[in-house]
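Let me begin by presenting the structure, written as structure tokens, before commenting on it.
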Amino acid sequence: MMSDYHSYLITSLDLHSVDLEEFKHGGTNITAFRLVDPEKPEIQKVVQDWIYGEKRYNRELDMGQNSNKNNLTCIKTETSLMYDAVHLFAKALHDLDTSQQIDIKPLSCESTDTWPHGYSLINYMKIVEMAGLTGIIKFDHQGFRSDFILDIIELNNKEGLKKIGTWNSTKGINFTRSYKEEYTQIVENLQNKTFIVTTILSAPYCMRKDSSEKLTGNAQFEGYSVDLIYEISKILGFNYTFRLVPDGRYGSYNKKTKEWDGMMKELLDQKADLAIADLTITYDREQAVDFTMPFMNLGISILYRKPIKQPPNLFSFLSPLSLDVWIYMVTAYLGVSVLLFILARFSPYEWENPHPCNGQSEVLENEFTLMNSLWFTIGSLMQQGSDIAPKAVSTRIVAGMWWFFTLIMISSYTANLAAFLTVERMDSPIESAEDLAKQTKIKYGALKGGSTAAFFRDSNFSTYQRMWSFMESAKPTVFTTSNVEGVERVIKGKGSYAFLMESTSIEYVIERNCDLTQVGGLLDSKGYGIAMPPSKCEGRAPGRRLVRS
Numbered sequence: 001m002m003s004d005y006h007s008y009l010i011t012s013l014d015l016h017s018v019d020l021e022e023f024k025h026g027g028t029n030i031t032a033f034r035l036v037d038p039e040k041p042e043i044q045k046v047v048q049d050w051i052y053g054e055k056r057y058n059r060e061l062d063m064g065q066n067s068n069k070n071n072l073t074c075i076k077t078e079t080s081l082m083y084d085a086v087h088l089f090a091k092a093l094h095d096l097d098t099s100q101q102i103d104i105k106p107l108s109c110e111s112t113d114t115w116p117h118g119y120s121l122i123n124y125m126k127i128v129e130m131a132g133l134t135g136i137i138k139f140d141h142q143g144f145r146s147d148f149i150l151d152i153i154e155l156n157n158k159e160g161l162k163k164i165g166t167w168n169s170t171k172g173i174n175f176t177r178s179y180k181e182e183y184t185q186i187v188e189n190l191q192n193k194t195f196i197v198t199t200i201l202s203a204p205y206c207m208r209k210d211s212s213e214k215l216t217g218n219a220q221f222e223g224y225s226v227d228l229i230y231e232i233s234k235i236l237g238f239n240y241t242f243r244l245v246p247d248g249r250y251g252s253y254n255k256k257t258k259e260w261d262g263m264m265k266e267l268l269d270q271k272a273d274l275a276i277a278d279l280t281i282t283y284d285r286e287q288a289v290d291f292t293m294p295f296m297n298l299g300i301s302i303l304y305r306k307p308i309k310q311p312p313n314l315f316s317f318l319s320p321l322s323l324d325v326w327i328y329m330v331t332a333y334l335g336v337s338v339l340l341f342i343l344a345r346f347s348p349y350e351w352e353n354p355h356p357c358n359g360q361s362e363v364l365e366n367e368f369t370l371m372n373s374l375w376f377t378i379g380s381l382m383q384q385g386s387d388i389a390p391k392a393v394s395t396r397i398v399a400g401m402w403w404f405f406t407l408i409m410i411s412s413y414t415a416n417l418a419a420f421l422t423v424e425r426m427d428s429p430i431e432s433a434e435d436l437a438k439q440t441k442i443k444y445g446a447l448k449g450g451s452t453a454a455f456f457r458d459s460n461f462s463t464y465q466r467m468w469s470f471m472e473s474a475k476p477t478v479f480t481t482s483n484v485e486g487v488e489r490v491i492k493g494k495g496s497y498a499f500l501m502e503s504t505s506i507e508y509v510i511e512r513n514c515d516l517t518q519v520g521g522l523l524d525s526k527g528y529g530i531a532m533p534p535s536k537c538e539g540r541a542p543g544r545r546l547v548r549s
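Here the sequence shown stands for residues 1 to 549, where the numbers follow full-length UniProt numbering.
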């Protein structure tokens with residue numbers, strides 16, 4: 001019961017008279033009040049006078065079991081109050097004697113007669129103010145002592161009991177020690193202590209170190225958390241020992257059993273002094289343990305597999321242009337061909353003598369038959385040309401317009417085809433949490449008992465409530481026992497499963513697996529912190545020390 005995790009408020013005003021040497025180095029927070037400051041010169045002078053006065057009569061002054069020749073600190077509060085009471089009575093009696101004639105006569109305890117100057121003496125005692133061993137002595141109209149000051153004292157490992165503040169009935173508590181003094185004391189208390197650090201295997205925060213030799217103790221772990229606590233220990237001068245949490249859980253509260261599990265349970269059972277991992281600071285956890293300031297800020301996001309590129313099919317050459325464009329092109333092709341055929345029929349310049357040697361022949365032919373018109377336009381479209389050429393102005397205008405149209409279309413098609421063949425086009429079926437909530441084909445889940453699952457469970461936002469209902473009712477379960485299991489499930493799911501986890505862990509995973517990607521932005525904002533057992537008294541338990549450091 002005299003460890004770092006216990007705090008004591010001593011109500012006796014005589015703690016300074018107790019030998020506390022055995023308790024100075026235990027780290028327990030021992031706080032008390034005192035009415036008498038044994039270091040005041042007035043008290044030391046009075047005690048010296050008592051000692052010398054007794055020596056005149058060859059007597060030894062008994063100052064208590066803890067006294068010695070040089071110890072003047074063990075004067076009891078009751079003794080000091082008695083000393084001040086006698087002086088107060090004497091001063092009031094002297095003031096009364098100077099103001100009126102005092103008659104002394106014997107009184108019987110059995111009679112009803114009272115001393116006529118008694119009430120006057122009491123009134124004088126109420127109005128007298130004097131400085132005594134217990135501070136300024138003054139009384140209110142009812143005879144109760146007022147405006148007295150109590151020193152707040154605390155036990156430290158170097159100076160023993162030390163004054164850290166004062167208290168009085170009007171101003172309350174006033175701490176007098178500076179921040180520098182308090183910080184120095186915190187650092188000194190941490191030095192050379194060994195803390196038990198509970199953690200969980202979760203890359204990249206804590207991982208087993210690959211080695212051909214068998215490793216033990218702290219040497220078998222590596223990662224961000226390991227490096228972080230190492231740097232803190234170098235600054236503050238403490239030692240630490242890593243221990244993996246037995247049940248492999250971060251810590252969640254069971255409302256049925258009203259107990260915590262995981263690393264939270266280790267801290268509350270005082271089996272560990274610190275918990276350092278990718279442990280999210282949540283409201284529920286903060287009610288149970290202490291946290292440092294966040295050492296990393298992050299949020300929840302979606303881990304999903306990149307869309308798999310489908311092999312090209314037989315008609316992939318049609319992909320650069322949409323179906324509507326292809327239909328419009330066929331329609332334009334047929335329309336221009338028919339137009340050429342009609343114009344060629346009406347224009348006399350398109351009719352020629354099939355026998356040039358016989359100038360008297362009345363038979364004329366037209367090259368732009370329907371089949372030849374179709375062949376002319378398709379040849380222009382394929383940029384191959386044909387043996388047929390328009391002769392009339394009208395047909396040449398139509399042909400020129402068709403050639404310009406085919407120039408634009410072929411150039412656009414060539415550019416789109418090149419981009420389509422070189423750039424991998426992959427459209428993800430989901431782009432945000434709203435897309436996940438609107439569909440049921442792709443399953444999604446989170447770490448069981450983690451802060452991510454708690455976020456969806458306790459959220460008031462309708463989308464997240466709908467997602468939580470889906471996850472909770474899914475069969476088989478979509479929750480995982482670890483982040484590694486969730487990542488493997490995303491990979492093996494081939495697009496049928498998405499995993500909700502912290503953005504920092506997602507960034508680490510996708511840097512090492514090119515088949516995975518982060519979908520959407522952050523759903524919330526939170527931070528990782530170092531957790532410690534709760535401390536009811538400020539500034540003394542390891543948790544509070546590390547928080548302030």
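Even for Gly, the Cβ is constructed at its ideal location relative to N, Cα and C.
Please report how far the alpha carbon of serine 178 lies from the alpha carbon of aspartate 273, in whole angstroms.
Their Cα atoms are separated by approximately 27 Å.
Using only the alpha-carbon positions, how far apart do tyrosine 464 and aspartate 435 sit?
Straight-line measurement puts the Cα of aspartate 435 at about 12 Å from the Cα of tyrosine 464.
Can you give the beta carbon distance from leucine 150 to tryptophan 167, rounded, assuming they're within the 8 Å contact cut?
The Cβ separation is near 5 Å, so the contact holds.
Leucine 161 beta carbon less than 8 Å from that of leucine 15
In this structure, leucine 161 lies closer than 8 Å to leucine 15 by Cβ.
Whole angstroms are fine: how far does the CA of leucine 20 sit from the CA of isoleucine 43?
Taking the straight line from one Cα to the other gives about 21 Å.
Is phenylalanine 455 closer than 8 Å to isoleucine 281 when the C-beta atoms are compared?
No, these two residues do not count as a Cβ contact at 8 Å.
DSSP state of proline 542 mapped onto helix, strand, coil
Unreliable positioning characterises proline 542 in this predicted model, as indicated by a pLDDT of 43, which lies under 50. A coordinate reading is not provided.
Do asparagine 483 and serine 252 have their beta-carbon atoms positioned less than 8 Å apart in this structure?
In this structure, asparagine 483 does not lie closer than 8 Å to serine 252 by Cβ.
Classification of leucine 314 by the beta-carbon crowding that lies within 10 angstroms, buried from 16 upward
Taking all protein chains in view, the Cβ of leucine 314 is surrounded by fewer than 16 other Cβ atoms within 10 Å, so the residue is classified as exposed.
Residue range of the beta strand (DSSP E) that aspartate 151 falls in?
Start and end: 149-156.
So the beta strand (DSSP E) lysine 443 belongs to, where does it begin and stop?
Counting along the chain, the beta strand (DSSP E) containing lysine 443 begins and ends at 443-446.
Please list the terminal residues of the continuous beta strand (DSSP E) segment that includes lysine 162.
Segment 160-168, the beta strand (DSSP E) holding lysine 162.
Nearest-angstrom Cβ-Cβ length linking phenylalanine 238 and glutamine 270, presumed shorter than 8 Å
The pair is not a contact, with the Cβ atoms about 17 Å apart (cut-off 8 Å).
To the nearest angstrom, how far is it from the Cα of proline 429 to the Cα of leucine 334?
Looking at the two C-alpha atoms, the distance is approximately 39 Å.
Is isoleucine 530 helix, strand or coil when you go by DSSP?
Residue state, collapsed to three classes: coil.
Roughly how many whole angstroms lie between the Cα atoms of aspartate 84 and lysine 193?
Going by the C-alpha atoms only, they are around 46 Å apart.
Classify threonine 11: buried if its beta carbon has 16 or more other beta carbons within 10 angstroms, exposed otherwise.
Around the Cβ of threonine 11, a 10 Å sphere holds fewer than 16 other Cβ atoms; the residue is exposed.
Kindly indicate which three-state DSSP category leucine 20 falls into: helix, strand or coil?
Leucine 20 carries a coil assignment under DSSP once its states are collapsed to helix, strand and coil.
Do glutamine 383 and isoleucine 410 have their C-beta atoms closer together than 8 Å?
Yes. Within cutoff.
Would you check whether the ligand ADP has a heavy atom nearer than 7 Å to the C-beta of valine 363?
Of ligands this structure carries none, so the ligand ADP is not represented either.
Kindly list the residues whose CB is nearer than 8 Å to the CB of aspartate 524, restricted to its own chain and excluding five residues on each side of it in sequence; keep chain order.
Within the same chain, aspartate 524 has close Cβ partners Gly299, Ile300, Phe455.
Rounded to a whole number of angstroms, what is the C-alpha to C-alpha distance between isoleucine 173 and isoleucine 152?
Their backbone Cα atoms lie some 9 Å apart in a straight line.
Between the region 257-266 and the region 501-512, do three or more beta carbon pairs fall short of 8 Å?
Fewer than three pairs of CB atoms, one per stretch, sit closer than 8 Å, so the region 257-266 makes no contact with the region 501-512.
DSSP three-state assignment for glutamine 518, whether helix, strand or coil
Strand at glutamine 518.
My output table needs one value for tryptophan 351: the three-state DSSP class, helix, strand or coil.
In the structure shown, tryptophan 351 sits in a strand (DSSP, three-state: E or B).
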